[in-house]
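Residue numbers (my numbering): 1 to 269.
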């Protein structure tokens, strides 16, 4: 007989997990505010990876990596991933610590917003088109100084069952740098292999509500499918974004359209 699904997480355990995660985020705030300015880039990457792994352990999230990340391309690599949850940033940091480009609203989130700011996140206001050019200039400088950039080109989150069309505007810096794009597909699962939409940060759910819901999960599995690198040299950003989307769709066993519709203005993610 198949194993029965685990029952709901007892409230005392849920509160304990919430408290530990909150304390860990506070430790992360201190780390990024005090230690990061004093140490070099490689040490910051190591600290980010260690901190992110601990957060996943506290929240009972098991990361499973399929495929092998390519080493040695830091400073000339852009990670492109589908977007399901606020957890995606920390999940990807366990694989390859990076400087993320994120929506400006993230800065207003309790604790996590300050953490992201201290960690060097590049914020973009999606309502202001000229902000894309400013962020792209900043991203080019970050790449030139040896950091990895990571983006979510869907421009929003999904429940993890599909991938929205990618927008290519934020891929321009890696095209100009003639670097590489690393597609990574993210999928959250239950213990039985079914899609876990409890961690999805969608709709009108607040960050606090989502955080509490995640602490109520008995166990979460997150799969990271690392697709082959895509060279950006001599390619248009729109072509590159479509190739990255196709790679992620294939990794998630989703249909790949023969062609993607034109996106007006390549609006920013």
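Beta carbons are placed, not taken as given, at the ideal position from N, Cα and C, and that holds for glycine.
- DSSP lists no beta-bridge partner residue for residue 106.
- Using a Cβ distance threshold of 8 angstroms, residue 226 and residue 63 do not count as a contacting pair.
- No residue range can be given for residue 195, since it is assigned to no alpha helix (DSSP H) and is classified by DSSP as neither H nor E.
- Three or more Cβ pairs drawn from the region 169 to 176 and the region 136 to 150 lie within less than 8 angstroms of each other, which places the two stretches in contact.
- Classified as exposed, residue 193 has fewer than 16 neighbouring CB atoms from the shown chains inside 10 Å of its CB.
- DSSP places residue 173 in the uninterrupted alpha helix (DSSP H) bounded by 172 to 176.
- Between the beta-carbon of residue 97 and that of residue 180 there is about 17 angstroms, and that puts the pair past the 8 angstroms contact cut.
- Distances from the alpha-carbon of residue 253 to those of 198, 162 and 166 put 162 closest.
- In the three-state reduction of the DSSP assignment, residue 63 falls in the strand class, which pools E and B.
- Taking a C-beta distance under 8 angstroms as the contact criterion, residue 241 and residue 166 qualify as a contact pair.
- Fully enclosed beta strand (DSSP E) runs of no fewer than 3 residues occupy 99 to 103, 122 to 124 and 149 to 151 of the region 81 to 163, in order along the chain.
- Contact between the region 78 to 90 and the region 199 to 207 is present, with at least three C-beta pairs closer than 8 angstroms.
- No Cβ-Cβ contact shorter than 8 angstroms links residue 148 with residue 101.
- Within the model, the alpha-carbon separation for residue 245 versus residue 258 is close to 12 angstroms.
- Only residues of its own chain outside the window of five on either side were considered, and among them 178 have a CB closer than 6 angstroms to the CB of residue 233, listed in chain order.
- With at least 16 other beta carbons inside 10 angstroms of its own, residue 157 counts as buried.
- When Cβ pairs closer than 8 angstroms are counted between the two stretches, the region 117 to 134 is seen not to touch the region 180 to 191, the count staying below three.
- Between residue 94 and residue 49, the CB-CB gap stays under 8 angstroms.
- With contacts defined as CB atoms closer than 8 angstroms, residue 118 and residue 26 fail to qualify as a contacting pair.
- Of all alpha-carbon atoms in 125, 91 and 168, the one lying nearest the alpha-carbon of residue 104 is that of 125.
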